[in-house]
Amino acid sequence: MTGFRLPTGGRIDRTQNVNFTWDGTRHVGCAGDTVASALMAHGERIIGRSFKYHRPRGIMSAGVEESGAIVSLWSGARRVTNVKATTTEIAEGLEVFGQNAFPSVRWDLGEVNNLAGRFFGAGFYYKTFFGLTGKGTWEWMQFEKLIRRAAGMGRASHLPDPDHYECVHDHCDVLVVGSGPAGLAAAEAAAAKGLDVVVAEQDFELGGSILTGLTAGVDGDPAEDWLSGKLTGLAGKVRLWPRTTAFGLYDHGVVGLLERVTDHLPKGAKGHLPRERMRIVRAQRIILATGAVERPFAFGNNDKPGVMLASSSAAYAHRYAVAPGARIVVSTNNDSAYGAATRLAKAGIETVVLDMRADLPEAAAAAARSAGVEIRTDRVAVEAQGLRGVKSLDIGQWAGDRALRKGSLNCDVVAVSGGWTPVMHLISHKGIRPTWREDLSAFVVADTGLEPVTLVGAAAGQFSTDACVEAGHKAGEDAANAMNGKRPGPLTETTTDWQQPLAPLWEVKERHRKLKSFIDPQHDVTTHDVRLAHQEGFVSVEHLKRYTTLGMATDQGKMGNIIGLALMAEAQGATIPETGTTVFRPPYTPISIGAVASDERGTHWRPTRHTPMRAEHEAIGGKFTDAGFWRRPWYYPEGGEGLAEAAMREVKAVRSGVGMVDVSSLGKIMVQGPDATEFLNRVYSNPFAKLAIGKARYGLMLRDDGVVFDDGTTWRLTETDYFMTTTTANAGPVMLHLANLLQTRWPEMRVHITSVSDHWGGVAVAGPKARAVLDAITDIDFSDSAFPFMGVREGHMTTCTGEVPVMVGRLSFSGEQAWEVMAPADYCPTMYRALLAKIRDAGGVPYGLEAMDCMRVEKGHVTGRELDGRTTPADVGLGGMASKNKDYIGKVLLGREELARADRPTLVGLVPVVEGARFKAGAILFPMGESTGPGLGHVSSIADSPEMGAWIGLGFVTGGLAEWEGKEIMARNPIDDQNTKVRVVSPHMYDPKGERMHG
Amino acid sequence: MVERASPFAVEVAGAAEGVLVEAAPRGSLWQVAAWPETFGAVEAALAEACGCDAPGPGEAAVTSDGRLLIRTEPLKWWILGEDGAACPLQPGPEDGAWLDMSHDQAGVVLMGANAAEICKRMVSLDLRDSAFPHLSFASTHMHHMILKVLRQDQGGTPAYTLMVMRSYADDLRELATHHIDHFG
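Residue numbers (our numbering), protein chains in the order written: chain G, 1 to 999; chain X, 1 to 184.
Following this line, the structure appears as structure tokens:
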């Protein structure tokens, strides 16, 4: 016999059929069904296959602790694997597949593994590291392939996820996690105090334990009436979020929640909504009413389809109107299972209770008997029988530490209750350790310390519904008091309404027979594995966990962790609290990677910055390249040119005439105040105290450790106002550096710094005809006497649509006469068009990053490739800029012996010895005849120089020019085994005297 | 002076249930700063020049000529107004500093009953009415970008202006319209 739909009852909507498929076969469920309840109603027993042994597995629970019914959903790009059938709502058109099996979970060839099970004990794969001979890795490499192929769960799609996800930031006064009696009472009390309350519930229905039918009444009302009344009362007053799992608790009241938005909807109803929504909630107070999960105990073949938790079997009958089987044996060590048995019997299911205790809870037992339940005391489940599911159960008499086999009962379901484990994963994320309670045989958090978190209800070890409600109410009021600055009271005492104490039971053993008993069915961890791990020296629970993988499956040990700990304690001859517990980490239940990424994917995985003249570059066919977040013009091809040809043409045009490059991405910082001059003098390694108004100066900025941080020019606009430029890459870091200095080291300085990087856009106009072009279009006198090198002037540019205010500095990165022309960003497009027209009239061109880089390499100017976080001013040939006459950031540590060593690699120029030869940036430089070791240095930049008519480079060589100038060395690229003989030359390969740019 | 170019490559326009999005107008943005010891005097002078009470930290005030005076940092204010408007206070170096930043920022305005819901998808601020009422201002970040958020309701309808550095304008536009798509 298998499960079947009961004729009446349940919280499902029998009028609303929902079509779905199971391994390609069409099934019909009802609205309100989970995949598990719908499959159970159809009599499906084998839903999954185990991790290692491929043993058949059925539905074991009705919640997130599920370890057997693990399935895959959907197909193609939408395939989702390792999903718990017990928490997944069925939806019209839903495709459900078994996984980790071939050809199907019902008939799986992988089951052969079960025959070789004795070789797959704890840590078997670690042992394969040693191989059969104990020597080596070759065998491991072979084993690894097999293990990787055979193990694991579902197969994810390789296609891009077509769904979209979103991330939402929420705030509230009180976040209540869980909507059972305790949670709803807490929410009601907090809301009554005027607090902004959110209730997050992982289930698709609110109500928690009430939904299972095991709560008879609350506050004197029938439980479901109480629930209905509370939900009606809370509607509109608090935010109620079903289908929302709190998966992680983080610092300062931040809670991660995952809301399943559309998976339960039919395809046509999803519209524009995201599949899932990541909610990052910042709450002032957090109330964890997360309940408890029933735990099993280990007995023979306790993983067979048909073995499930007692409360879950009742939940299927009550909530989903599904009988898990026709004859159910409930094996328990505590009172709570009587409620489940009674509920099953009332549903018309033949039910037998085996209670290992001699003393029965009288009232509960009487109620069960009156419902038709047969009760046997002093009895316990020993071993389930049946090939592909439970057909009978061997039972035994409990003899204190083991069972004595006493016959067998025919049944198709064994419902197990070994007690309850409070769900305290979230508070565990904060590192709060629980304490062991002997009376509950469970870990309970007694004190949450300074965390703004309270545990209530079963999560706090309260196993009486009325006590849960009372504790919830108190927690809600405490939250209001805490927000008013009052210290919240201590956590409510644990309490139960059990009539007889729970008898701790972790494993049923027999004296002369070894049973195959699982404690972590999802990862196929058995009781034997725990003992083996101990035998092999793994005595810490953390080591036990990793060696056996206990609790490392998708259920995160919700079912089996505590049993594993108890067995380890027994093996060690210690108590459970002495053995300790592991720490839970987020996420509480698996969350999809798509939700974590949310909208930060595709083109939005990082932001993109555009210069103000983007449209102008695009209009003339400019090609762009990434430079950090920036999209910068790279080159402007003409007539089918590629990068190299275009850049070569652009360089020639600039050198012979005029060109223009967009330099808007440079960092720009206004430095203002009476102490601005002194501030700059301390920040830069070279002097700034005497920079005249209307002049600019190149400056070198060091880190505290003496290494070059950044370079750029600073323009003095007034007595107290400076305009600083930084490299594109370091715009942000320099701003932070300066702010840090002002706030922490020199707070007395009257200096304001403000990023104006985006207020100003700019171009550099370079070349022998640059002066003429600019002179013709602005009201500024560009003559050499009126506008000398490193001069700064303000004026206006005349365009056909009006005047553009500009700020111009005579600077050169290209080595040519050049001016950087800055304009307020919104005016830059107009400025660019006007300049471009003039430049083209003069036979010039726009040029891009590639040509700019080529010209600066020819000139020997450094960029981030040389200022790479390792070089000193002297290393890059700028030792003279490290002033000896003033203090500045980095001066002290620049004097370190290591940084002053004479044999440090210093900047040189490199040209190939053989005409036409090339070498790569990153190549290692060796003396001739050597090819191994660190070499002399490396190549930092390369360029195909039209001016030199050769491939050229900059690099660093130990001893520098003094030792190597004119000598031949080898540039070796070990990646492609390329060796190029190069000659060391001055890095200033083009116009070394600077006559062109000063001219 | 030439016409100002939009920082957005594409026009910012969108509407969904309970929300409209549009580009923030291109206007003037002046920054006025004080020194710690001159803060009180500069604040008072600025308030007088603007004809309004000085806003507190994280607050904005509407000036007598309809501009916005915003306390952006402990020692700094922004004055947002129409294009070409002069800086209302130009303190000397001994009192503070002033700076034209009119082209530095690009903004979008989200307006409507669901505007805060859209913003919550981009910004981690507490935007509840109790925490971020009309004429509130905050500096925060969004998707690796520095972000300024200003709430200035329009006739009782919630409206939030999100401002980023100009070069990020299109990212801001794309994100805002993308999230509006989620609202139909």
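Where a beta carbon is used, it is the ideal one built from N, C-alpha and C, also for glycine.
Report back the beta-carbon spacing between residue i and residue j to the nearest angstrom; my notes put them in contact at under 8 Å.
i	j	result
ALA191 (chain G)	VAL197 (chain G)	5 Å
LEU127 (chain X)	ILE118 (chain X)	Going by Cβ atoms, the distance from LEU127 (chain X) to ILE118 (chain X) rounds to 10 Å, so no, they are not a contact pair.
ASP711 (chain G)	GLY890 (chain G)	Wrong, their Cβ atoms sit about 13 Å apart, outside the cutoff.
VAL651 (chain G)	ALA851 (chain G)	5 Å
ARG388 (chain G)	ILE12 (chain G)	So it is not a contact: roughly 28 Å between Cβ atoms.
VAL444 (chain G)	ALA185 (chain G)	Not really, about 19 Å apart at Cβ, beyond 8 Å.
GLY43 (chain G)	GLY3 (chain G)	6 Å
SER67 (chain G)	PRO521 (chain G)	4 Å
VAL330 (chain G)	VAL353 (chain G)	5 Å
Output the boundary residues of the beta strand (DSSP E) element that contains residue i.
i	result
LEU110 (chain X)	105-111
PRO824 (chain G)	818-824
PHE51 (chain G)	Taken as a continuous stretch (DSSP letters only), PHE51 (chain G) belongs to no beta strand (DSSP E), as it is neither H nor E.
ASP710 (chain G)	708-716
PHE518 (chain G)	518-520
VAL671 (chain G)	667-672
ILE693 (chain G)	Note, ILE693 (chain G): premise wrong, no beta strand (DSSP E); not H, not E.
PHE688 (chain G)	That residue, PHE688 (chain G), is in no beta strand (DSSP E); it is neither H nor E in DSSP.
MET648 (chain G)	Taken as a continuous stretch (DSSP letters only), MET648 (chain G) belongs to no beta strand (DSSP E), being part of the alpha helix (DSSP H) at 643-656.
SER136 (chain X)	136-142
ILE90 (chain G)	ILE90 (chain G) -> no beta strand (DSSP E), and no H or E assigned at all.
SER908 (chain G)	Reading the sequence as shown, one finds Val at residue 908 (chain G) and not Ser. Its beta strand (DSSP E) spans residues 905-912.
GLN284 (chain G)	276-288
Which same chain residues end up closer than 7 Å to residue i when comparing Cβ atoms and leaving out the 5 residues on each side of it in sequence?
i	result
ARG697 (chain G)	PHE688, LEU691, THR713, THR714, MET790
PHE204 (chain G)	GLU89, PRO242, ARG243, HIS264
GLY96 (chain X)	VAL32, ALA33, ALA34, TRP35, THR38, VAL42
Can you list, in chain order, the residues of its chain whose CB lies under 6 Å from that of residue i, leaving out five sequence neighbours each side?
i	result
ILE924 (chain G)	GLY935, HIS938, ARG972
LYS668 (chain G)	THR725, VAL756, SER757, TRP760
LYS623 (chain G)	TRP634, TYR635
GLY557 (chain G)	GLY551
So the alpha helix (DSSP H) residue i belongs to, where does it begin and stop?
i	result
VAL734 (chain G)	731-740
TRP226 (chain G)	223-234
SER370 (chain G)	362-370
ALA467 (chain G)	465-483
ASN681 (chain G)	676-683
GLN154 (chain X)	Neither: GLN154 (chain X) is in no alpha helix (DSSP H) and is coded neither H nor E.
LEU894 (chain G)	891-894
For residue i, I'd like the list of residues in its chain whose CB is within less than 8 Å of its CB, leaving aside the five on either flank, ordered along the chain.
i	result
ASP991 (chain G)	GLY815, LYS859, MET997
ASP826 (chain G)	PRO612
GLN99 (chain G)	GLY48, ARG49, ILE70, VAL71, SER72, THR81, ASN82, VAL105, MET153, GLY154, ARG155
Inside the segment 539-610 of chain G only - alpha helix (DSSP H) runs reaching at least 4 residues: 541-548, 561-572, 576-579, 593-597
At a CB distance below 8 Å, what residues from the segment 669-694 of chain G approach chain X? Give them in sequence order. MET670, GLN672, GLY673, PRO674
Complete alpha helix (DSSP H) runs within the segment 9-87 of chain X (minimum length 4 residues, chain order): 39-50
Using a Cβ-Cβ cutoff of 8 Å, what residues of the segment 595-622 of chain G are near chain X? List them in chain order. ASP599, GLU600, THR603, HIS604, ARG606, PRO607, THR608, ARG609, HIS610, THR611, PRO612, ARG614, ALA615
List in chain order: all unbroken beta strand (DSSP E) runs of 3+ residues lying wholly within the segment 164-207 of chain G. 165-177, 197-200
Which residues, in chain order, does the segment 29-55 of chain X contribute to contact with chain G at a C-beta distance below 8 Å? GLN31, ALA33, TRP35
Write down every uninterrupted run of the beta strand (DSSP E) in the segment 787-870 of chain G whose length is 3 residues or greater and which is fully enclosed by it, in chain order. 792-799, 802-809, 818-824
Restricting to runs no shorter than 3 residues, where is the beta strand (DSSP E) found entirely within the segment 943-986 of chain G? 950-958, 968-973, 978-985
Output needed in chain order: residues of the segment 809-833 of chain G with a Cβ under 8 Å from some Cβ in chain X. PRO824, ALA825, ASP826, TYR827, CYS828, PRO829, THR830
If you measure beta-carbon to beta-carbon, which residues of the segment 274-286 of chain G are closer than 8 Å to chain X? PRO274, ILE280, ARG282
Interface positions of the segment 154-188 of chain G facing chain X (Cβ-Cβ less than 9 Å), listed along the chain: HIS164, GLU166, CYS167, VAL168, HIS169, ASP170, HIS171, CYS172
Contact residues within the segment 754-774 of chain G, judged by C-beta distance below 9 Å to chain X: THR754, SER755, VAL756, SER757, ASP758, HIS759, TRP760, GLY761
Residue ranges of each alpha helix (DSSP H) within the segment 31-83 of chain G, 4 or longer: 35-41
Jot down the residue ranges of each uninterrupted alpha helix (DSSP H) in the segment 115-145 of chain G, minimum 4 residues, whole runs only, in chain order. 124-128
Taking only beta carbons into account, state which residues of the segment 87-105 of chain X come closer than 8 Å to chain G, listed in chain order. PRO93, GLU94, GLY96, ALA97, LEU99, ASP100, MET101, SER102, HIS103, ASP104, GLN105
Identify each residue in the segment 152-184 of chain X for which the Cβ-Cβ distance to at least one residue of chain G is less than 8 Å, and report them in chain order. MET165, ARG166, SER167, TYR168, ALA169, ASP170, ASP171, GLU174, LEU175, HIS178, HIS179, ASP181, HIS182, PHE183, GLY184
Pick out the complete alpha helix (DSSP H) segments inside the segment 331-396 of chain G, 4 residues or longer, and give them in chain order. 336-346, 362-370
Mind listing which residues of the segment 110-130 of chain X have their C-beta closer than 7 Å to chain G's C-betas, in chain order? LYS120, ARG121, VAL123, SER124, ASP126, ARG128
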